[in-house]
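Structure first, then comments.
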Amino acid sequence: MTAYAAPVDDIRFALDAQARFGDLARLWGGAAEDGELVGALLAEAGRLAGEVLAPANRDGDLEGATLENGVVRLPESFRKAHDAYVAGGWNGLSFPEAHGGQGLPWTLAMAVSEMFESANMAFSVGALLTKGAIELLLRHGTEEQKRTYLPNMVAGVWSGTMNLTEPGAGTDLARLATRAERAGDGAYRVVGQKIFITYGEHELTGNIVHMVLARLPGAPDGVKGVSLFLVPKYLVKPDGALGERNDLRAVSLERKLGVKGSPTCVMAYGDGGGATGFLVGEEHGGLACMFTMMNNARLAVGLQGLAIGERARQAAAAHAAGRVQGARGGRAVTIDNHPDVRRMLAWMKARTEAARGLVYWTAARFDRAERGGGSDEAARDRALFELLTPVVKSWATDGGVQIASEAVQVHGGAGFIEETGAAQHYRDARVLPIYEGTNGVQAIDLVGRKIARDRGAAARVLFDAIAADADAARAAGETGLAEAVSSGLDRLRGATQWVAGTMAADRDAVLAQATTYQRLFGTVAGGWQLLRQAVAAKRLREEGRGDPAFLEAKSETARFYMAEDMPLAGALARTIANASRA
Ligand SMILES: Cc1cc2nc3c(=O)[nH]c(=O)nc-3n(C[C@H](O)[C@H](O)[C@H](O)COP(=O)(O)OP(=O)(O)OC[C@H]3O[C@@H](n4cnc5c(N)ncnc54)[C@H](O)[C@@H]3O)c2cc1C
């Protein structure tokens, strides 16, 4: 088993050079502007990830989660990880100070989360859902709900879950059958079964705040009749103390391919007559509420793809540096001397750094939109965030699976044996294209809501920004990189025109190509981020700032991607064109 070393320098570089964290911090104000503090925060997160969370990763896989007499048990090392996570105040980084958070930009919290997700995804996915539930309450909760639940959730001593899926309702939430009835005292009684509920039951936190979608009597059919309820494991007394246990329980745990340390629960609500729930938002307005949280969660799942890829890449590089096979120039060598292995390692690095740039850049759009008030620029940032969310979720998670697979390959037979840990990364990564909306569903969202609905207007704003960066690269002497990105962009513009122009006339033709289009989009957007990386690295080298070898490697990675991956844009665009003719 190899250790995980948080790539703090790479993360800082991506934040500064690609996401332009400095500009965001100026807009944000406060502690975000303190560069030293940001550096210390990243370093400390890296230490916690490497020393506490990462060593527990294997325990999660081997011991997993178990259910006994209604109690879910996790490895002891998860408890230690949780205690350290709470003690450091990590859960509250980007939440308002009024609720006990630190009020820092979400982009920075995402950079910190990257390290925690790399170190131990089965542990960290619990916090991902808690943060989503906090986001929901911040936007849609009543003042009383915020007062009652947020301080403990922001601190991380209570957790949150998201309860959408049911046996008959996965992608299609119109089929949701869980019911809720008014109890007469302002509360509701919730009855039904939910499946696949991540961290639905466990003992790490004092309370669990479930966000549950259900239907009220007489509700309209379909998704317009879905309401959202807050259903706590323990009811909370007016003075804030925990009261009686609510009528809900974990019936069983799923046996899974990966992320075994994360308890995935079948939940029963209301076996004893009805679980007490509290309406969040308007009656029948539940899905819209849930979606405000899901946009952020989708980007956070894209981040998981990047994170698992980084960890798998590190393991592969370490293995390749130690494994002696074959000879070059009459001397026995480690396998990282062979061109084919070097290609695999370089590709993993390129795909990881492209995803990192894209995730952070997109997260920064969200923060800028939040701080921008009603300005045109804020509206533009919001539109770019929404456009890129399905691209990031799918491209970074597909990338995570592909990198983890390539990492198994670098290990050879040892990769197929559990001891190296390479197999665990591959198994863990595989859920990412499935949950939080399958990647197929992301593709439908991309071509429908994000491209066809505004006839490609938001996409054109992004494409113009990419073209401007390509021009800047040309002016800076990075002609080869600029040409590669411009040529990929031409293909993407062409395919986008086809999507926007064909959707109304032949929806099925577009839907059949949606995933190919999404891959084309990701390939070009990833290359664009590496172009930004190379231009920033060159500027820093010329200014004599930073470690020259580190900066040169950033440029090399960009050149490798343009040679190896960017040409795929041509093939993907041709696939779409062929299919559209057929
Ligand atoms: C480990 C794990 C943790 C999870 N955690 C949670 C959780 O905490 N909370 C929660 O609510 N859920 C959770 N889920 C559920 C997850 O979100 C669903 O599995 C996912 O949304 C897909 O739904 P499904 O499994 O019913 O697949 P289906 O909806 O049956 O989809 C099967 C296939 O058909 C495709 N498909 C379906 N409908 C369409 C369509 N209209 N057009 C085109 N293609 C379509 C899909 O893309 C997919 O490829 C979790 C799942 C797993 C595996």
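With this note's numbering, the residue at position 484 of the sequence shown is 475, and numbering never jumps.
Backbone N, C-alpha and C fix where the C-beta goes; we use that ideal spot for every residue, glycine too.
Keep in mind that this is a model prediction, so the values were computed, not measured.
Cβ-based neighbour list, residue i, same chain, cut-off 7 Å, excluding 5 preceding and 5 following
i	result
Arg371	Val452
Leu542	Ala528, Leu531 and Arg532
Pro(-2)	Glu301
Leu226	Gly234, Glu235, Asn237 and Thr267
Residue i, DSSP secondary structure in three states
i	result
Glu192	coil
His329	coil
Glu157	strand
Gly61	coil
Lys185	strand
Ser150	strand
Val324	strand
Gln433	helix
His275	coil
Asn111	coil
Pro381	helix
Tyr508	helix
Met557	coil
Ala369	helix
Val250	coil
Top-ranked residue by Cα proximity to residue i, from the options
i	options	result
Arg11	Trp149, Val350 and Leu480	Val350
Gln305	Ala398, Phe86 and Gln488	Ala398
Leu219	Gln520, Gly272 and Thr133	Gly272
Asp176	Glu27, Asn111, Asp389 and Leu270	Leu270
Leu58	Asp0, Gly191, Leu480 and Pro158	Gly191
Ala387	Ala564, Thr514 and Asn111	Thr514
Ala355	Val476, Ala8 and Val(-1)	Ala8
Pro558	Leu542, Tyr140 and Gly517	Gly517
Gln524	Arg347, Gln488 and Asn430	Arg347
Ala309	Val332, Val145, Val116 and Ala298	Val332
Ala174	Asp455, Asn198 and Gly265	Gly265
Gly80	Gly213, Ser104, Glu67 and Asp462	Ser104
Glu274	Met144, Ala171, Glu534 and Ala456	Ala171
Leu127	Leu65, Phe454, Trp338 and Asn286	Asn286
Val476	Gly132, Ala554 and Gly403	Ala554
Val242	Ala34, Tyr260, Ala562 and Ala232	Tyr260
Cβ-based neighbour list, residue i, same chain, cut-off 6 Å, excluding 5 preceding and 5 following
i	result
Thr323	One detail in the question is off: residue 323 reads as Ala in this sequence, not Thr. Closer than 6 Å at Cβ, skipping near neighbours: Val315.
Glu427	Ala288, Arg289 and Val292
Gln601	Residue 601 lies beyond the stretch modelled for the chain, which goes from -8 to 573, so this question has no answer here.
Asp358	Leu15, Pro96, Trp97 and Thr98
Ala303	Ile394, Ala395, Ala398 and His416
Ala113	Gly51, Val250, Gly252 and Ser253
Leu521	Ala345, Ala549 and Tyr552
Ligand 1 heavy atom lying under 7 Å from the CB of residue i
i	result
Leu120	yes
Asp163	yes
Tyr575	Since the first residue of the chain shown is -8 and the last is 573, residue 575 is not available in this structure.
Lys340	no
Phe220	no
Arg217	What sits at residue 217 in the sequence shown is Val, not Arg. Answer for Val217: no, Cβ out of range of ligand 1.
Lys247	yes
Asn287	no
Asn154	yes
Gly431	yes
Phe114	no
Phe187	yes
Gly428	yes
Val501	no
Ile435	yes
Thr507	no
Thr255	yes
Ile425	yes
Cβ neighbours of residue i in the same chain (closer than 8 Å, five flanking residues each side left out)
i	result
Arg530	Ala467
Ala575	Residue coverage of the chain in this structure runs from -8 to 573, which leaves residue 575 outside it and unanswerable.
Leu129	Phe86, Pro87, His90, Lys137 and Leu141
Ser571	Trp489, Thr493, Ala500 and Gln504
Ile567	Ala486, Trp489, Gln504, Thr507, Tyr508 and Leu511
Arg319	Asn328 and His329
Ala473	Ala461, Asp462, Ala464, Arg465 and Leu522
Gly431	Ala505 and Thr506
Cβ-heavy atom distance, residue i to ligand 3, below 7 Å
i	result
Thr169	Of the ligands one can find in the structure shown, namely ligand 1, none is ligand 3.
Checklist entry - On the three-pair Cβ rule with 8 Å, is the segment 246 to 258 touching the segment 418 to 435? => result yes
Checklist entry - So, do the segment 42 to 51 and the segment 161 to 177 have three or more beta carbon pairs nearer to each other than 8 Å? => result no
Checklist entry - If you pair each beta-carbon of the segment 185 to 202 with each one of the segment 250 to 268, do three or more pairs fall below 8 Å? => result yes
Checklist entry - Are three or more beta carbon pairs between the segment 491 to 508 and the segment 530 to 547 nearer than 8 Å? => result no
Next on the checklist: Taking 8 Å as the cut-off, does the segment 55 to 69 touch the segment 16 to 28 (at least 3 CB pairs, one atom from each stretch)?
Outcome noted: no
Checklist entry - Can at least three beta-carbon pairs, one atom from the segment 135 to 152 and one from the segment 193 to 203, be found at a separation below 8 Å? => result yes
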